[in-house]
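Undergrad: These protein sequence lines map, in sequence, to chains A and B. Positions 4 to 117 (the working numbering) are the ones given, in order, by the first sequence. Positions 22 to 132 (the working numbering) are the ones given, in order, by the second sequence. C-beta atoms are modelled at their ideal positions from N, C-alpha and C, and glycine is treated no differently.
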Amino acid sequence: DAGVIQSPRHEVTEMGQEVTLRCKPISGHDYLFWYRQTMMRGLELLIYFNNNVPIDDSGMPEDRFSAKMPNASFSTLKIQPSEPRDSAVYFCASSFKRTTGELFFGEGSRLTVL
Amino acid sequence: SQQGEEDPQALSIQEGENATMNCSYKTSINNLQWYRQNSGRGLVHLILIRSNEREKHSGRLRVTLDTSKKSSSLLITASRAADTASYFCATGKTGANNLFFGTGTRLTVIP
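1) From the DSSP secondary-structure annotation, give me the bridge partner or partners of residue 41 of chain B.
2) Counting pairs of beta carbons, one from the region 95-103 of chain A and one from the region 26-33 of chain B, are three or more of them closer than 8 Å?
3) Along chain A, which residues have their Cβ under 7 Å away from the Cβ of residue 69 of chain B?
4) For residue 98 of chain B, which residues in the same chain have their Cβ closer than 6 Å to its Cβ, ignoring the five residues on either side in sequence?
5) So what does DSSP say about residue 89 of chain A, is it helix, strand or coil?
6) Taking CB distances under 8 Å as the criterion, tell me whether residue 109 of chain A reaches chain B.
7) Using 8 Å as the threshold, is the region 53-61 of chain B in touch with the region 95-113 of chain B, meaning 3 or more CB pairs across them?
8) Taking 8 Å as the CB-CB cut-off, is residue 46 of chain A touching chain B?
9) Looking at chain A, which residues of the region 63-92 of chain B have a Cβ within less than 9 Å of any of its Cβ atoms?
10) Could you name the residues of the region 92-120 of chain B whose beta carbon sits closer than 9 Å to any beta carbon of chain A, in the order they occur along the chain?
11) Leaving out the 5 sequence neighbours to the left and right, which residues in its chain are closer than 6 Å to residue 33 of chain B when beta-carbon positions are compared?
12) Could you check if residue 11 of chain A is buried or exposed, using at least 16 other CB atoms within 10 Å of its CB as the buried criterion?
13) Classify residue 70 of chain B: buried if its beta carbon has 16 or more other beta carbons within 10 angstroms, exposed otherwise.
14) What number of angstroms, rounded off, separates the C-alpha of residue 47 of chain B from the C-alpha of residue 91 of chain B?
15) Does the beta-carbon distance from residue 96 of chain A to residue 77 of chain A come in below 8 Å?
16) Between B:51, B:78, B:35, which lies nearest to residue 100 of chain B when the distance is taken from Cα to Cα?
17) Determine, using beta carbons only, whether residue 39 of chain B comes closer than 8 Å to chain A.
What follows is the structure in structure tokens.
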């Protein structure tokens, strides 16, 4: 199994630009999570999906953030417009059948907004 | 905060020594998990202990859970340089639908 695949691994952009992060979960997993990690705030849950449906987006910081899961094998997290305070590592994780069971994380997308 | 708190924040030991990290949390849980994160990488699941369990082993890892004190410990025996990483506890809280991660312990094992 290839594991959770995220792209890009690194993204450097300028303030105001649109950023799209991508995730392919493990095949057969029915839950997908987007987390953000910063030194100041640690690991924060942004949103999670069950069977492609967004269940809890209360962690999404503001309307500039949006996430979609058009099918079971693909999800995107979009930031538009991006701001320097969005600089962080964004992780995608997936799990099978449970939201509080073992999570499988991707390698993350490190975003730097100048 | 709903996050767990790991203690210590950083730990440096010699190879071959044991490393103990602690996690405290605030509310009732269904389970508690430990994850490892190598620098620049994603988190990797190490072990899960359920609320009705008190101790669990996996290889060189030993996890204990004391629900009365709302705390857990992770013991890594006979540490190796490759164990150098950050370690996070994550709690599955009763009635919640996602995990809450702690702030992490940065472990350095000196060869």
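TA: Taking the structure as given:
1) In the second sequence, counting from the first residue as 1, residue 41 of chain B sits at position 20. Beta-bridge partners of residue 41 of chain B (DSSP): B:96.
2) no
3) Here residue 69 of chain B refers to the residue found at position 48 of the second sequence. Under the 7 Å cutoff, chain A gives 105.
4) Taking the second sequence and counting its residues from 1, one reaches residue 98 of chain B at position 77. Hits under 6 Å: 39, 81.
5) On the first sequence, residue 89 of chain A is found 86 positions in, with the first residue counted as 1. Correct three-state label for residue 89 of chain A: helix.
6) For the purposes of this step, residue 109 of chain A is identified with residue 106 of the first sequence, where counting begins at 1. Look at residue 109 of chain A: its C-beta is under 8 Å from a C-beta on chain B.
7) yes
8) Here the question's residue 46 of chain A lines up with position 43 in the first sequence. Output row for residue 46 of chain A: interface = yes.
9) 63, 64, 65, 66, 69
10) 109, 111, 112, 113, 114, 117, 118, 119, 120
11) Working through the second sequence from its first residue, we reach residue 33 of chain B at position 12. Correct list, in chain order: 129.
12) If you number the first sequence from 1, residue 11 of chain A lands on position 8. It is exposed - the Cβ of residue 11 of chain A has fewer than 16 other Cβ atoms within 10 Å.
13) Along the second sequence, one-based indexing puts residue 70 of chain B at 49. Classification for residue 70 of chain B: buried.
14) Counting from one through the second sequence, the residue named residue 47 of chain B turns up at place 26. Counting from one through the second sequence, the residue named residue 91 of chain B turns up at place 70. Distance between the alpha carbons of residue 47 of chain B and residue 91 of chain B is about 7 Å.
15) Locating residue 96 of chain A in the first sequence gives position 93, where the first residue counts as 1. Locating residue 77 of chain A in the first sequence gives position 74, where the first residue counts as 1. It is not a contact, given that the beta carbons lie outside the stated cut-off.
16) Reading the second sequence from its first residue, position 79 is the one you call residue 100 of chain B. Here the closest residue by C-alpha is B:35.
17) For the purposes of this step, residue 39 of chain B is taken as the residue at position 18 of the second sequence. For residue 39 of chain B, the answer is no, since every Cβ of chain A falls outside 8 Å of its Cβ.
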